[in-house]
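In the numbering used here, the protein residues as written are 366 to 483.
Cβ atoms here follow ideal geometry from the backbone N, Cα and C, with glycine treated the same way.
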Amino acid sequence: MECLFCKIINKEVPSEIIYENGKFIVFRDINPKAPIHYLICPKKHIISVNHVGEEDRELIGELFLVAKKIARDFGISEKGYKLVFNVGKGGGQLIPHLHLHLLGGWRSKKERDLPHMP
Ligand SMILES: [Zn+2]
């Protein structure tokens, strides 16, 4: 499998993993656009939101529960954060393996509004 994220999931490529369970892995974006910028990635190889199937309903629901947990664990739940899916090359998706960007930790609105989107 020539997928970078599958290699990260299989520990063939190192990454800064901050959380992992049976179905998901969460690691730091190598090119962070915010003080906290993590990628929440299902271990199942789904290319993009366009490729999510009916059979993935439960998995995608769990993806948001993982996002919520990570935000809470890193203390940004109350302050607020962004969750972003880029879809396809035109949408800015660099790696064709579904992942949810979690961004937060800004110290001010001004810092948040700097050009930063992944
Ligand atoms: Zn993959």
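Here Cys368 has His410, Ile460, Pro461, His462 as same chain residues with Cβ atoms under 8 angstroms from its own Cβ, once five neighbours each way along the sequence are excluded. Shown here, Cys371 sits in a helix according to DSSP, grouped into three states. Residue side-chain check: His416 keeps its Cβ at 7 angstroms or more from all non-hydrogen atoms of ligand 1. For the pair Phe389 and Leu404, the CB atoms are not nearer than the 8 angstroms cut-off. Judged by beta-carbon spacing, Gly453 lies beyond the 8 angstroms limit of Asn396, meaning their Cβ atoms are not closer than that value. If you check the CB distance, Gly469 and Ile401 come in under 8 angstroms. Contact check for Leu465 and Ala432: beta-carbon distance about 6 angstroms, within the 8 angstroms limit, so the pair qualifies. Excluding five sequence positions before and after Ser442, the CB atoms of its chain that fall closer than 8 angstroms to its own CB belong to Lys433, Ala436, given in chain order. A direct Cα-to-Cα measurement between Lys475 and Phe439 gives close to 21 angstroms.
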